[in-house]
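Quick note: the first sequence uses numbering that gives the first Met the number 0, first residue 0, plus one each step.
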Amino acid sequence: MPELPEIETVVGDLNKKILGLTIQDIWYDWKKQFKLPKDPREFKKIVVGRKIIGVRRRAKNILIDLSGGCLLLIHQKMTGHLLVGKWKIDKNKPVSLLKGPLREKVNDYIHLIFYLSGGKELALSDLRKFAKVMAGPRETMENLPDLAELGPEPLDRYFDISIFRNIIKEERRPIKQVLMDQNVIAGIGNIYSDEILWEAEIFPLKKADKLSAAQLGRIFRAMKTILKKAIRLRGTSTSDFRDPAGREGRYTFVRKVYRREGKPCSRCQTAIKRVKIGGRSGHYCPVCQKN
DNA sequence: ACAATATCCTGCGAGC
DNA sequence: TGCTCGCAGGATATTG
0 MPELPEIETV
10 VGDLNKKILG
20 LTIQDIWYDW
30 KKQFKLPKDP
40 REFKKIVVGR
50 KIIGVRRRAK
60 NILIDLSGGC
70 LLLIHQKMTG
80 HLLVGKWKID
90 KNKPVSLLKG
100 PLREKVNDYI
110 HLIFYLSGGK
120 ELALSDLRKF
130 AKVMAGPRET
140 MENLPDLAEL
150 GPEPLDRYFD
160 ISIFRNIIKE
170 ERRPIKQVLM
180 DQNVIAGIGN
190 IYSDEILWEA
200 EIFPLKKADK
210 LSAAQLGRIF
220 RAMKTILKKA
230 IRLRGTSTSD
240 FRDPAGREGR
250 YTFVRKVYRR
260 EGKPCSRCQT
270 AIKRVKIGGR
280 SGHYCPVCQK
290 N
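Following this line, the structure appears as structure tokens:
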């Protein structure tokens with residue numbers, strides 16, 4: 000569920016909280032989260048002793064640059080959370096030593112902790128255990144399909160309407176599906192594809208190659224404004240997104256369609272509808288989004 | 001060559 | 001009240 004704005008929020012916070020610290024040890028209780036190397040002991044060997052130089056985002060991936068030319072990649076998938084705090088392991092389960100939001104449920108699903116210099120800890124909480132972590136030499140990592148095959152970043156300055164048009168016009172799938180395809184455009188998921196298409200007044204099942212120039216222009220502009228606004232509001236927490244301090248995002252309160260089935264459209268008061276698109280649910284206004 | 005479907009997971013809410 | 005079941009969905013693997 001964390002998409003571009005949520006990951007951007009996490010990355011910004013991590014840059015303020017853990018820059019310059021060294022990974023001293025790790026704790027984990029779920030082996031399958033390690034995708035590369037698959038052996039947790041090998042993973043540990045790579046990251047321990049390295050300093051955190053910078054934190055970046057690419058699509059929905061969190062990229063942590065480590066000293067010695069290494070890169071740590073974390074993908075939160077749907078229910079992953081990166082938290083900065085302090086925990087004690089009690090009966091093989093982490094318990095937060097800090098008061099506040101970290102004491103809440105998100106604290107119950109921690110399966111990985113990085114122990115950092117200065118007594119800080121970076122934890123990965125993940126209820127559904129879909130999140131993945133990878134580490135290795137930067138060049139090896141950047142050549143993995145996970146990164147190498149991604150489409151352009153929607154908020155990059157060079158990413159203009161002509162590039163957007165050229166990418167989209169080749170696609171015959173429904174526009175919502177195209178917007179969510181990371182190898183077409185990076186970082187957009189179910190929440191923001193719904194929100195962007197409502198803003199642009201486009202029917203989510205409309206085939207991408209059938210969109211007019213005016214419609215493409217509206218989608219392009221909506222994509223930029225919605226994503227920027229969502230970053231400003233620190234993401235959406237309709238289900239369980241939390242920032243590294245355990246706090247919710249405020250885009251939840253200004254969203255127009257996502258998970259608002261049956262509720263009135265803020266433009267025309269018509270009840271928001273829900274449809275299955277490529278196995279996922281899309282939300283739209285049947286009056287505002289006719290084509 | 002492309003598209004639809006299954007897979008991984010767990011909690012939650014609907015319905016009986 | 002307590003059970004079952006479908007749903008949530010990012011990305012990859014597999015089948016059609």
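Cβ atoms here follow ideal geometry from the backbone N, Cα and C, with glycine treated the same way.
Segment limits, beta strand (DSSP E) that includes residue i
i: N60; result: 60–65
i: S124; result: 120–125
i: F202; result: Careful: F202 lies outside any beta strand (DSSP E) and carries neither H nor E.
i: I52; result: 51–57
i: L149; result: Element bounds for L149: n/a, residue is neither H nor E.
i: V83; result: 79–84
DSSP-derived helix/strand/coil call for residue i
i: D159; result: coil
i: D24; result: strand
i: G11; result: helix
i: K275; result: strand
i: P173; result: strand
i: P1; result: coil
i: P243; result: coil
Closest by C-alpha distance to residue i, when choosing among the options
i: M140; options: Q268, S265, V253, K34; result: K34
i: R233; options: G248, D89, F158; result: G248
i: G188; options: E148, V253, D242, M77; result: M77
i: K87; options: H80, L81, L97; result: L97
i: A270; options: G277, D28, V286; result: V286
i: E7; options: E41, I17, N60, K37; result: N60
i: C267; options: Q288, V274, N165, G277; result: Q288
i: K104; options: L71, A130, G245; result: G245
i: S238; options: G150, D64, R259, E152; result: R259
i: K44; options: I22, Q32, R55, A58; result: I22
i: S280; options: L13, Y257, Y27, E5; result: Y257
i: A122; options: I17, V274, T235; result: I17
i: L65; options: I162, Q75, I73, V46; result: V46
i: D291; options: Y27, K31, I51, R57; result: For residue 291 there is no data in the structure shown, the boundaries of the chain being 0 and 290.
Opening and closing residue of the alpha helix (DSSP H) in which residue i lies
i: F219; result: 212–231
i: E112; result: Residue identity check: residue 112 is Ile in the sequence provided, not Glu. Element bounds for I112: not the alpha helix (DSSP H) but the beta strand (DSSP E), 109–115.
i: E41; result: 39–46
i: T139; result: 137–141
Residue(s) in a DSSP beta bridge with residue i
i: V132; result: F33, I73
i: D89; result: K92
i: Y283; result: K272
i: P294; result: This structure leaves residue 294 out entirely; the chain is present only between 0 and 290.
Is the stretch 165–176 touching the stretch 192–212, taking contact as three or more C-beta pairs under 8 Å? yes
Counting Cβ pairs, one atom from each stretch, are 3 or more of them under 8 Å apart for the stretch 118–136 and the stretch 190–200? no
Touching or not, the stretch 150–164 and the stretch 213–231, by the rule of three or more beta carbon pairs under 8 Å? yes
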